[in-house]
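Asker: Numbering (the numbering used here), first residue to last: 8 to 340. Ideal Cβ positions, reconstructed from N, Cα and C, are used throughout, including at glycine. Below: one structure in structure tokens.
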């Protein structure tokens with residue numbers, strides 16, 4: 008199967024179709040602003056290479072007390088350094104206006120825009136076992152509407168592409184799997200070495216062909232599991248692989264300059280688009296955020312949870328509460 012997977016129901020009319028007007032109850036102030044057509048005005052063709060870090064909703068006391076993984080990926084560390092300082096109310100209001108304006112610009116001209124999404128933790132709620140994950144029917148219905156309106160709707164997943172395509176099961180959604188590795192021909196040369204590494208590690212593994220995932224969500228002692236997997240990560244690095252932690256998972260991958268950001272760039276280049284939204288929930292989505300920052304109009308959406316890395320929230324234009332919050336935001340588009 009081609010690495011860029013797409014069950015297309017026909018896109019001849021999609022490029023020029025305008026969004027329908029729906030009365031959707033606002034999830035929070037950012038969604039309300041877009042649903043009401045806020046943010047109009049100014050030079051609409053001006054490039055928006057933004058680096059603001061204001062979340063567009065209030066954060067509860069409970070949400071402030073995070074207890075999930077604190078991945079040490081370079082992308083996250085860079086973003087945390089950039090967003091580590093405090094923002095006054097004027098800066099936050101400016102961030103709010105820019106985020107709402109960008110969402111409105113996507114919505115008013117969907118034939119020139121893309122909606123790009125992570126899957127696990129973004130479209131599909133996180134579950135104890137990856138094989139039990141499911142995209143809710145309600146979410147699929149929203150995706151079908153987006154396919155009808157937008158020039159491109161795509162998903163960039165850490166899962167193998169065929170598995171990700173089956174999980175979404177919406178015609179017209181283009182899927183790139185394995186964090187974009189499926190688009191890199193040189194990645195195939197690492198399959199044998201990955202199998203050999205897998206066979207030398209005594210830990211349950213999700214073998215994705217081009218990557219290995221060691222989950223520990225079901226382990227009775229997360230701290231002990233993390234400590235043991237840190238040793239596996241170090242061994243992987245010594246043997247020439249890349250290793251990184253996400254939400255209760257260690258990933259071992261080929262040492263290639265390929266990630267969700269390169270996948271997003273490839274999808275947009277093929278479609279000839281410079282306007283897009285990307286939504287994600289974990290450290291690997293920061294690379295996609297970087298690609299969105301390069302666009303004429305871009306919106307970075309953090310799907311928040313108790314395990315969300317702080318850098319993801321700091322780097323987002325819009326923060327929504329969980330997968331349900333994302334669906335409500337997508338409804339307004």
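Given a cut-off of 8 Å, decide if residue 239 and residue 197 are closer than it, judged by their beta-carbon atoms.
Answerer: Numbered from its first residue, the chain shown carries residue 197 at position 190. Numbered from its first residue, the chain shown carries residue 239 at position 232. Result no, Cβ atoms of residue 197 and residue 239 do not sit closer than 8 Å.
Asker: Put residue 226 into one of helix, strand or coil per three-state DSSP.
Answerer: On the chain shown, residue 226 is found 219 positions in, with the first residue counted as 1. Here residue 226 sits in coil by DSSP.
Asker: What is the residue span of the beta strand (DSSP E) that residue 307 lies within?
Answerer: If you number the chain shown from 1, residue 307 lands on position 300. Start and end: 304-311.
Asker: If you measure from the CB of residue 302, is any heavy atom of the ligand ZN nearer than 7 Å?
Answerer: Among the components modelled here there is no ligand, and therefore nothing to report on the ligand ZN.
Asker: Any idea what DSSP makes of residue 289, helix, strand or coil?
Answerer: Position 282 of the chain shown, counting from 1, holds the residue named residue 289. Residue 289: coil per DSSP, three-state reduction.
Asker: Compare the Cα-Cα distances from residue 334 to each of 153, 112, 273 and 135 and report the closest residue.
Answerer: Numbered from 1 along the chain shown, position 327 holds the residue referred to as residue 334. Considering only alpha carbons, the answer is 153.
Asker: Considering only DSSP beta bridges, list what residue 160 is partnered with.
Answerer: Counted from its first residue, the chain shown places residue 160 at position 153. DSSP output for residue 160 lists 122 as bridge partner(s).
Asker: Can the beta-carbon of residue 189 be found less than 8 Å from the beta-carbon of residue 180?
Answerer: Residue 189 sits at position 182 when you count from the first residue of the chain shown. Residue 180 sits at position 173 when you count from the first residue of the chain shown. The answer is no: Cβ separation not under 8 Å.
Asker: Does the stretch 218-225 come close enough to the stretch 292-307 to have 3 or more Cβ pairs within less than 8 Å?
Answerer: The stretch 218-225, when compared against the stretch 292-307, does not touch it at the 8 Å Cβ threshold.
Asker: Would you say the stretch 153-168 touches the stretch 264-277, given that touching needs at least three Cβ pairs under 8 Å?
Answerer: The stretch 153-168 is in contact with the stretch 264-277.
Asker: Excluding the 5 residues preceding and the 5 following residue 292 in the sequence, name in chain order all residues of the same chain whose CB lies nearer than 7 Å to its CB.
Answerer: Position 285 of the chain shown holds residue 292. Once the five neighbours on either side are set aside, the close Cβ partners of residue 292 are 125, 267 and 319.
Asker: Hey, quick one: how far does the beta strand (DSSP E) through residue 328 stretch, first residue to last?
Answerer: Within the chain shown, the letter at position 321 stands for residue 328. From DSSP, the beta strand (DSSP E) with residue 328 extends over 325-328.
Asker: Work out the CA separation of residue 139 and residue 173 for me, nearest whole Å.
Answerer: For the purposes of this step, residue 173 is taken as the residue at position 166 of the chain shown. For the purposes of this step, residue 139 is taken as the residue at position 132 of the chain shown. Spanning the two alpha carbons is a distance of roughly 13 Å.
Asker: Quick one: grab the DSSP three-state call for residue 7.
Answerer: In the structure as shown, the chain starts at 8 and stops at 340, and residue 7 therefore has no counterpart that could be examined.
Asker: Tell me whether residue 261 is buried or exposed, calling it buried when 16 or more other Cβ atoms sit within 10 Å of its Cβ.
Answerer: The residue given as residue 261 occupies position 254 in the chain shown. So residue 261 counts as buried.
Asker: For residue 107 and residue 229, what's the separation of their Cα atoms in angstroms?
Answerer: For this step, residue 107 is matched to residue 100 along the chain shown. For this step, residue 229 is matched to residue 222 along the chain shown. Answer to the nearest angstrom: the Cα atoms are 39 Å apart.
Asker: How would you label residue 325, buried or exposed, when you count the other beta carbons within 10 angstroms and need 16 or more for buried?
Answerer: Residue 325 sits at position 318 when you count from the first residue of the chain shown. Looking at its Cβ environment, which holds 16 or more other Cβ atoms inside 10 Å, residue 325 is buried.
Asker: For residue 322 and residue 311, what's the separation of their Cα atoms in angstroms?
Answerer: As a first step, residue 322 is located in the chain shown; it is residue number 315 there, counting from the start. As a first step, residue 311 is located in the chain shown; it is residue number 304 there, counting from the start. Going from the Cα of residue 322 to the Cα of residue 311 covers about 12 Å.
Asker: Would you grab the beta carbon distance between residue 123 and residue 283 for me? Rounded to a whole angstrom, and I think it's under 8 Å.
Answerer: Mapped onto the chain shown, residue 123 falls at position 116. Mapped onto the chain shown, residue 283 falls at position 276. With a Cβ gap of about 6 Å, residue 123 and residue 283 count as contacting.
Asker: What does residue 337 pair with, by DSSP beta-bridge criteria?
Answerer: Counting from one through the chain shown, the residue named residue 337 turns up at place 330. Bridge partners of residue 337: none, in fact.
Asker: May I have the straight-line CA-CA distance separating residue 115 from residue 281, to the nearest angstrom?
Answerer: The residue labelled residue 115 in the question sits at position 108 within the chain shown. The residue labelled residue 281 in the question sits at position 274 within the chain shown. Between residue 115 and residue 281, the C-alpha separation is close to 15 Å.
Asker: Output needed for residue 135: all residues of its chain with C-beta closer than 7 Å, excluding positions within five of it in sequence on either side, in chain order.
Answerer: Residue 135 sits at position 128 when you count from the first residue of the chain shown. Closer than 7 Å at the Cβ level, and outside the excluded window around residue 135, lie 224 and 225.
Asker: With residue 133 and residue 254 assumed to form a contact (beta carbons below 8 Å), what rounded beta-carbon distance in angstroms separates them?
Answerer: Within the chain shown, residue 133 is the residue found at index 126, counting from 1. Within the chain shown, residue 254 is the residue found at index 247, counting from 1. Going by Cβ atoms, the distance from residue 133 to residue 254 rounds to 7 Å, so yes, they are a contact pair.
Asker: Taking DSSP as the reference, what is the three-state secondary structure of residue 172?
Answerer: Against the chain shown, residue 172 aligns to sequence position 165. If DSSP states are grouped into helix, strand and coil, residue 172 belongs with the helices.
Asker: Where residue 287 and residue 185 are concerned, what is the direct C-alpha to C-alpha distance, given to the nearest angstrom?
Answerer: Working through the chain shown from its first residue, we reach residue 287 at position 280. Working through the chain shown from its first residue, we reach residue 185 at position 178. Residue 287 and residue 185: Cα-Cα distance of roughly 15 Å.
Asker: Is residue 232 helix, strand or coil when you go by DSSP?
Answerer: In the chain shown, counting from the first residue as 1, residue 232 sits at position 225. Note: residue 232 maps to helix in three-state DSSP.
Asker: Is residue 169 near residue 265, with beta carbons less than 8 Å apart?
Answerer: Position 162 of the chain shown, counting from 1, holds the residue named residue 169. Position 258 of the chain shown, counting from 1, holds the residue named residue 265. Going by C-beta atoms, residue 169 is not nearer than 8 Å to residue 265.
Asker: Where do the ends of the alpha helix (DSSP H) carrying residue 268 lie?
Answerer: The residue labelled residue 268 in the question sits at position 261 within the chain shown. Residues 267-278.
Asker: If contacts are defined as beta-carbon pairs under 8 Å, then residue 109 and residue 278 qualify, I think. What distance do you get, rounded to the angstrom?
Answerer: Locating residue 109 in the chain shown gives position 102, where the first residue counts as 1. Locating residue 278 in the chain shown gives position 271, where the first residue counts as 1. Between residue 278 and residue 109 the Cβ distance is about 18 Å, and since that is not below 8 Å, they are no contact.
Asker: Give me the residue from 200, 204 and 150 with the minimum Cα distance to residue 178.
Answerer: Against the chain shown, residue 178 aligns to sequence position 171. Comparing Cα-Cα distances from residue 178 to each of 200, 204 and 150, the minimum goes to 150.
Asker: How close, in whole Å, do the beta carbons of residue 215 and residue 166 come, if the pair is a contact with beta carbons under 8 Å?
Answerer: Your numbering for residue 215 matches position 208 in the chain shown. Your numbering for residue 166 matches position 159 in the chain shown. That pair is a contact at about 7 Å.
Asker: Which residue comes first and which comes last in the alpha helix (DSSP H) that contains residue 199?
Answerer: As a working mapping, residue 199 is identified with position 192 in the chain shown. Run containing residue 199: 198-206, per the alpha helix (DSSP H) assignment.
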